[in-house]
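So in this note's numbering the end of the sequence shown lands on 73, straight run, no missing numbers. Contents: one structure, followed by commentary.
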Amino acid sequence: MHIPGVHIEFLSPYSPDLNPIEEVFSKIKHFLCCHHEYYSATTDDGILYDMYEIADIITPDDAHGYFVHAGYF
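Next up, the structure:
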């Protein structure tokens with residue numbers, strides 16, 4: 001099937017360079033390494049709160065940049 005303006009590009013089965021979530025994980029891991037003393041003391045239901053808190057470090061500008069870097073925009 002040929003669709004005008006559409007180009008199919010085959011990629012390797014997994015390419016971390018083209019996966020924006022890898023950059024998100026990298027930023028979160030770096031943040032946790034810098035603040036491990038605070039977050040390692042959390043137990044039980046507090047872990048869920050910490051996950052929500054940590055997710056806030058990814059800004060909309062960060063997300064946009066990750067997609068641009070991966071070549072989606």
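Heads up, the beta-carbon is just placed ideally off N, CA and C, and yes, glycines get one too.
Inter-residue Cα distance where the pair is residue i and residue j
i             : j             : result
alanine 9     : valine 68     : Rather than alanine, the amino acid found at residue 9 in this sequence is glutamate. Straight-line Cα distance between these residues: approximately 17 angstroms.
cysteine 33   : leucine 48    : 18 angstroms
valine 6      : tyrosine 72   : 14 angstroms
isoleucine 21 : alanine 63    : 9 angstroms
histidine 36  : asparagine 19 : 26 angstroms
tyrosine 39   : tyrosine 14   : 31 angstroms
isoleucine 70 : histidine 2   : Per the sequence shown, the amino acid found at residue 70 is alanine instead of isoleucine. Straight-line Cα distance between these residues: approximately 25 angstroms.
serine 12     : aspartate 45  : 39 angstroms
proline 16    : proline 4     : 29 angstroms
Whole-angstrom C-beta distance between residue j and residue i, which should lie under 8 angstroms
i                : j             : result
phenylalanine 31 : isoleucine 54 : 6 angstroms
tyrosine 52      : glutamate 23  : Incorrect: roughly 20 angstroms between the Cβ atoms, too far for contact.
aspartate 50     : threonine 43  : Contact flag wrong, Cβ pair sits at about 10 angstroms.
With a threshold of 8 angstroms, are at least 3 pairs of Cβ atoms found where one atom belongs to the stretch 13-29 and the other to the stretch 54-64? yes
Length-filtered (4 minimum) alpha helix (DSSP H) runs lying within the stretch 24-54: 36-40
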